[in-house]
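> Last residue of the sequence shown: number 1289 in my numbering, and the count goes up by one each step with no gaps.
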Amino acid sequence: MRKQDMNRDWIATAATLSAALPYLQRYNDAIVVIKLGGHAMSSDEAMENFARDVVLMQQVGVNPVIVHGGGPMINEMLEKLDIKSDFVNGKRVTDRATVEVVEMVLSGRVNKWIVNAINRQGGRAVGLSGKDANLMTCDQDAPELGLVGTPAEIDTKVLKTLFEANTIPVIAPLGAGRDGETLNVNGDTAAGAYASALNADRLLLLTDVSGVKDGGGNVLTELTPEQIADLTASGVIAGGMIPKTQTCLDAISDGVRAAVILDGRAPNACLLELFTEHGAGSIIRAAK
1002 MRKQDMNRDW
1012 IATAATLSAA
1022 LPYLQRYNDA
1032 IVVIKLGGHA
1042 MSSDEAMENF
1052 ARDVVLMQQV
1062 GVNPVIVHGG
1072 GPMINEMLEK
1082 LDIKSDFVNG
1092 KRVTDRATVE
1102 VVEMVLSGRV
1112 NKWIVNAINR
1122 QGGRAVGLSG
1132 KDANLMTCDQ
1142 DAPELGLVGT
1152 PAEIDTKVLK
1162 TLFEANTIPV
1172 IAPLGAGRDG
1182 ETLNVNGDTA
1192 AGAYASALNA
1202 DRLLLLTDVS
1212 GVKDGGGNVL
1222 TELTPEQIAD
1232 LTASGVIAGG
1242 MIPKTQTCLD
1252 AISDGVRAAV
1262 ILDGRAPNAC
1272 LLELFTEHGA
1282 GSIIRAAK
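And the structure:
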């Protein structure tokens, strides 16, 4: 019989798995809403890695919900179709022609790409948009922006049915208006609304930044709503980070246990955040 030498890497892997036990127990049967965007959607390889992590999360007892973006793919299709976009205060005006492209790209190409990636990793995913089963009813955001919506009502029944069937919901950020019209919804906003309605344990916003930073450029790994308010008032939190942190604050005030602005460029970012002591971004939760 051949003797097998113990490899240090094997031992380290076993130690990592052992150390994950309290986190696995902590998140058993928890609902985790993930906003997928940025680097994690940059290539088939990145998507495959994300999908594998999501399937592992479900395998150990987590109920993941994926809400995705797709801005670059929308821009690419609008350019191909020669549809020009106007902007108001940095936000795209969504007219009828544009929203048709948005729905085609998000509910079609992007949504099915994610669903297929999860299924190929051994999971079982179903693609939806907020228009399915009255998931998300919206009010119009601002008249000057056209067909852009703000979540008003979330019906979670179909999502809970999917959890019971060990199926992962993958949701495009579209909603139905009061008269049934299709409304485009910001992906972070949609993810926050679903997390609030589901009383999720975690909201993870995957981004292409390392997290919320202080005035010196250092990542702040733990923050309270009060600290977020102070950093915003002082101008340290600015630009695109303001709506992301506001989404987190809204979710926390609605009962989500914690929200994380997560560095999606880090390998296995979601697993690092949930199942290790290290994390991979900035966690925001109420002060204890």
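No residue lacks a Cβ here, since even glycine has one placed at the ideal position from N, Cα and C.
Given a cut-off of 9 Å, decide if Ile1119 and Arg1125 are closer than it, judged by their beta-carbon atoms.
Yes; because the gap between Cβ atoms is below 9 Å, this pair is in contact.
> Run through DSSP, which three-state label would Met1002 get?
Caution applies to Met1002, whose pLDDT of 46 falls short of 50 and renders its modelled position unreliable; the value that the coordinates give is listed next. Note: Met1002 maps to coil in three-state DSSP.
> Once you ignore the five residues that flank Gly1178 on each side, which residues in its own chain have a CB closer than 7 Å to its CB?
Here the set comprises Cys1139, Gln1141, Gly1150 and Leu1184.
> Where does Met1002 land, buried or exposed, given buried means 16+ other C-beta within 10 angstroms?
Its pLDDT being 46, under 50, Met1002 is placed unreliably by the model, and nothing is read from it.
> Does Ser1290 pass the burial test, meaning 16 or more other C-beta atoms within 10 Å, or should it be called exposed?
Missing from the structure shown is residue 1290; the chain here goes from 1002 to 1289 and no further.
> For Asp1231, does the three-state DSSP call read helix, strand or coil?
The answer is helix: DSSP assigns Asp1231 an H, G or I state.
> Spatial neighbours of Met1048 within its chain, please: C-beta separation below 6 Å, excluding the five flanking residues on both sides.
Cβ neighbours of Met1048 beyond the five flanking positions: Ala1118.
> Out of Thr1225, Asp1133, Arg1027 and Val1186, which has the shortest C-alpha to C-alpha gap to His1069?
Comparing Cα-Cα distances from His1069 to each of Thr1225, Asp1133, Arg1027 and Val1186, the minimum goes to Val1186.
> What's the C-alpha gap between Asp1010 and Asp1087?
When rounded, the distance between both Cα atoms is 54 Å.
> Checking 9 Å against the spacing of the C-beta atoms, do Leu1175 and Lys1092 come in under that value?
Contact: no.
> Out of Thr1246, Leu1272 and Arg1286, point me to the one whose CA is closest to Arg1258's CA.
With distances taken between Cα atoms, Arg1258 lies closest to Arg1286.
> Cys1249 and Leu1204 - do their beta-carbons sit closer together than 9 Å?
Their beta carbons are under 9 Å apart, which means Leu1204 touches Cys1249 by this criterion.
> Can you tell which of Val1102, Val1089 and Asp1189 has the C-alpha that lies nearest to the C-alpha of Met1078?
Nearest C-alpha to Met1078: Val1102.
> Let's see if you can read the secondary structure: which residues bound the alpha helix (DSSP H) around Glu1049?
Start and end: Asp1045 to Gln1060.
> Going by DSSP in three states, Pro1073 sits in which element: helix, strand or coil?
Helix, per DSSP.
> Closest to Glu1080 by C-alpha separation, out of Gln1060, Val1106 and Val1066, would be which residue?
Taking only the C-alpha atoms, the option nearest Glu1080 is Val1106.
> Considering only their Cβ atoms, is the gap separating Leu1136 from Thr1168 smaller than 9 Å?
The answer is no: Cβ separation not under 9 Å.
> On the CB-based measure, 16 or more other CB atoms within 10 Å of its CB, does Gly1038 come out buried or exposed?
So Gly1038 counts as buried.
> Taking the Cβ atom as the reference point for each residue, do Glu1227 and Ile1284 lie within a distance shorter than 9 Å?
No. Outside cutoff.
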